[in-house]
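Trainee: Numbering-wise (our numbering), the sequence shown opens with residue 6 and increments by one.
The beta carbon of each residue, even a glycine, is placed where N, CA and C say it ideally should be.
Nothing here was measured: the structure is a model prediction, and the numbers come from that model.
Quick one: this structure, given as structure tokens, is what I'll be asking you about.
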Amino acid sequence: MSITDEMKTCAKRIGLDVVRVTSAEPFSDAARRIKEQIQRGLRPKWDVETIDAYCDPRSVLPSARSIIVVAECYLTSEPLDLNVPGDPHGRIARYTWRNYYYDVKVKLKKVATFLKKKTRENIQFRCYSNDPLAEKPMAQRAGLGWYGKNGIILTRHYGSWVVLGALITNIELEEDEPLEESCGNCQACVNACPTKAIIEPYVLNMPKCLQYITHNQQVMPTCIREIWGNRLYGCMTCQDVCPLNRLVKPKNRKPKYGYVGPSLLLIPILQMTEKEYRKHFHKNQIGEWWVSFGAIQRNAAVALGNIGDPSAIPVLAHVLNHSRSFIVRGHVAWALGKIGGHHARLALKSALSREKNPDVHIEIENALKF
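In structure tokens form, the structure reads like this:
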């Protein structure tokens, strides 16, 4: 058995579901696509140096020769939503129920330790999962999976219910070939996208994607608020409708690190300070620095408005009067208007006389017209 085969056996034994290998050559096609998408306004602007580093494994490990690309299935049979009247919850995307990325990194380090002991060489390595590195192009070239029309990697046995990880190393391992699978004529994800963010197969207009919107602080257009439902973080619609995903049997792997579950209580989210929020969720990806706290509170407000539970009115009224974020205040006003009723209108009228931000003032006026 070759060292590559032994490594794969070790990786699968410790719980990595798919293990493939590719070279450490730059992902030039991925870099070109990213630049084209930026020019078309389909993704946020990056500088050229950042793009090239993102797509070149040797930017993080100059001696790199091989990349071990892995996938871990996160599908479980747990209920999707814990929302009950008087106790409103916001939905969390499946991959965020636990910190599977941390779990993958721990396992990749065990793979690196195995290689060190097995080869007795001076092994250098870097482990990545949910980091600024071209994991999807790595997965495609390594034959771990293929691109779905929503831009997410699909695997043969686990669909897209996987998180990816990569171990970049200076050891030369046997490379795998890319898969020839595709989604054929299926358009399920394209047709189901709530915002039509998949503008054509394999091309995503990122600023319109609900997943992107969930962690970026910006004013949410009213048309987006109306279809937001009770989401708090993430969107899984394109994955939920995928025919391949519907055939996947849950692995029910439940690492304890960073557990938040299928949904979170929304009212406490609005009552937290940012310091409290970061401390409470520091083990989960929703507590990462790049996830805007203001965006999370905005999401909570919109979800509460769509749920329509009057029990949220006192907290919403307090936030409308005391939040420092004009974006949060504006969405809270919308939520109060959606819930409606005497107490909600009183809160809106009271805030209207004190609000100095013109955008929030307009939000309150519009909410009073609901």
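Could you check whether Val265 and Asn304 sit closer than 8 angstroms to each other, using their CB atoms as the reference points?
Mentor: Result no, Cβ atoms of Asn304 and Val265 do not sit closer than 8 angstroms.
Trainee: Which value, in whole angstroms, describes the spacing of the CA atoms of Asn250 and Asp22?
Mentor: If you take the alpha carbons of Asn250 and Asp22, they lie about 16 angstroms apart.
Trainee: Tell me, to the nearest whole angstrom, how far the beta carbon of Pro137 is from that of Phe32; I am working on the premise that it is less than 8 angstroms.
Mentor: Pro137 to Phe32, Cβ: 13 angstroms. No contact.
Trainee: Straight-line CA distance for His285 to Glu279?
Mentor: Cα to Cα, His285 sits roughly 10 angstroms from Glu279.
Trainee: Would you check if there are 3 or more beta carbon pairs closer than 8 angstroms linking the region 196–211 to the region 127–137?
Mentor: Contact between the region 196–211 and the region 127–137 is absent, because fewer than three Cβ pairs lie under 8 angstroms.
Trainee: Can you list, in chain order, the residues of its chain with a C-beta nearer than 8 angstroms to that of Pro49? Leave out the 5 residues immediately preceding and following it.
Mentor: For Pro49, where only same-chain residues beyond five positions count, the Cβ hits under 8 angstroms are Ile43, Met211, Pro212.
Trainee: Between the alpha carbons of Ile8 and Lys256, how many angstroms are there, rounded?
Mentor: Roughly 28 angstroms separates the two Cα atoms.
Trainee: Rounded to whole angstroms, what's the CA-CA distance from Pro267 to Trp294? Just pull it up for me.
Mentor: In a straight line, the C-alpha of Pro267 is about 22 angstroms away from that of Trp294.
Trainee: Quick one: residues in its chain with C-beta nearer than 8 angstroms to the C-beta of Lys17, no 5 flanking neighbours on either side, listed in chain order?
Mentor: Once the five neighbours on either side are set aside, the close Cβ partners of Lys17 are Val24.
Trainee: Under a three-way DSSP split, which group does Tyr152 fall into?
Mentor: The answer is strand: DSSP assigns Tyr152 an E or B state.
Trainee: Give me whichever residues DSSP pairs with Leu138 in a beta bridge.
Mentor: According to DSSP, Leu138 bridges with nothing at all.
Trainee: With C-beta atoms as the reference, is Ala340 less than 8 angstroms away from Leu309?
Mentor: Yes; because the gap between Cβ atoms is below 8 angstroms, this pair is in contact.
Trainee: Quick check on the DSSP output: what are the complete alpha helix (DSSP H) runs of length 4 or more inside the region 159–227, in order along the chain?
Mentor: Runs found: 193–197, 215–219.
Trainee: Could you give the C-beta distance for Gly239 and Ile97, rounded to a whole number, given that I count them as a contact under 8 angstroms?
Mentor: The pair is a contact, with the Cβ atoms about 6 angstroms apart (cut-off 8 angstroms).
Trainee: By how many angstroms is the C-alpha of Glu231 removed from the C-alpha of Gln129?
Mentor: C-alpha separation (whole angstroms): 50 angstroms.
Trainee: Can you name, in chain order, every residue of its own chain whose Cβ lies under 7 angstroms from the Cβ of Asp364, other than the five neighbours on each side?
Mentor: Only Phe331, Gly335 meet the Cβ criterion.
Trainee: Going by C-alpha distance, which of Lys254, Gly342, Lys13 is nearest Ala117?
Mentor: Answer by Cα proximity: Lys13.
Trainee: With a Cβ-Cβ cutoff of 8 angstroms, do His94 and Leu87 count as a contact?
Mentor: A contact, by the Cβ cut-off of 8 angstroms.
Trainee: Determine the closest residue to Lys254 out of His162, Leu47, Glu179, with distance taken between C-alpha atoms.
Mentor: Cα-wise, what sits closest to Lys254 is His162.
Trainee: Taking DSSP's pairing of strands, which residues face Thr27 in a bridge?
Mentor: Looking at the DSSP assignment, Thr27 forms a beta bridge with Ile72.
Trainee: For the alpha helix (DSSP H) that contains Phe298, what are its first and last residues?
Mentor: Start and end: 298–312.
Trainee: Which one of Ala139, Lys354, Pro226, Cys78 has the shortest CA to CA distance from Ile173?
Mentor: The residue with the shortest Cα to Cα distance from Ile173 is Ala139.
Trainee: Can you grab the Cα-Cα spacing for the pair Cys247 / Leu47, in whole Å?
Mentor: Each residue's alpha carbon lies about 23 angstroms from the other.
Trainee: Out of Trp51, Asp61, Glu83, Gly150, state which residue places its alpha-carbon closest to the alpha-carbon of Ala76.
Mentor: Selected option, being the one with the closest Cα: Gly150.
Trainee: Take Ile39 and list the residues in its own chain whose beta-carbon comes closer than 8 angstroms to its own, dropping the five residues that flank it on each side.
Mentor: Excluding residues within five positions, the ones whose Cβ falls inside 8 angstroms are Arg48, Trp51, Ile56, Tyr59, Cys60.
Trainee: Excluding five sequence neighbours on each side, which residues of the same chain lie with their C-beta closer than 6 angstroms to the C-beta of Thr3?
Mentor: Since the displayed the chain opens at 6 and closes at 375, residue 3 lies outside it and no answer follows.
Trainee: Quick one: measure Cβ to Cβ for Gly263 and Lys112, integer angstroms, because I've assumed they're closer than 8 angstroms.
Mentor: 15 angstroms between Cβ atoms; not a contact.
Trainee: Can you give me the Cβ contacts of Ala300 inside the same chain, cut-off strictly under 7 angstroms, excluding the 5 residues immediately before and after it?
Mentor: Cβ within range, chain order: Thr219, His220, Asn221, Gln222.
Trainee: Judging by CA-CA distance, which residue of Tyr100, Gly234, Ile157, Thr160 is the nearest neighbour of Lys259?
Mentor: The shortest Cα separation from Lys259 among Tyr100, Gly234, Ile157, Thr160 belongs to Tyr100.
Trainee: Roughly how many angstroms separate the alpha carbons of Ile158 and Leu353, rounded to a whole number?
Mentor: Distance between the alpha carbons of Ile158 and Leu353: 45 angstroms.
Trainee: Could you spell out where the alpha helix (DSSP H) holding Arg329 opens and where it closes?
Mentor: No alpha helix (DSSP H) contains Arg329, which DSSP labels as neither H nor E.
Trainee: With C-beta atoms as the reference, is Ser71 less than 8 angstroms away from Ala35?
Mentor: Contact flag unset, no.
Trainee: Leu325 and Val307 - do their beta-carbons sit closer together than 8 angstroms?
Mentor: No. Outside cutoff.
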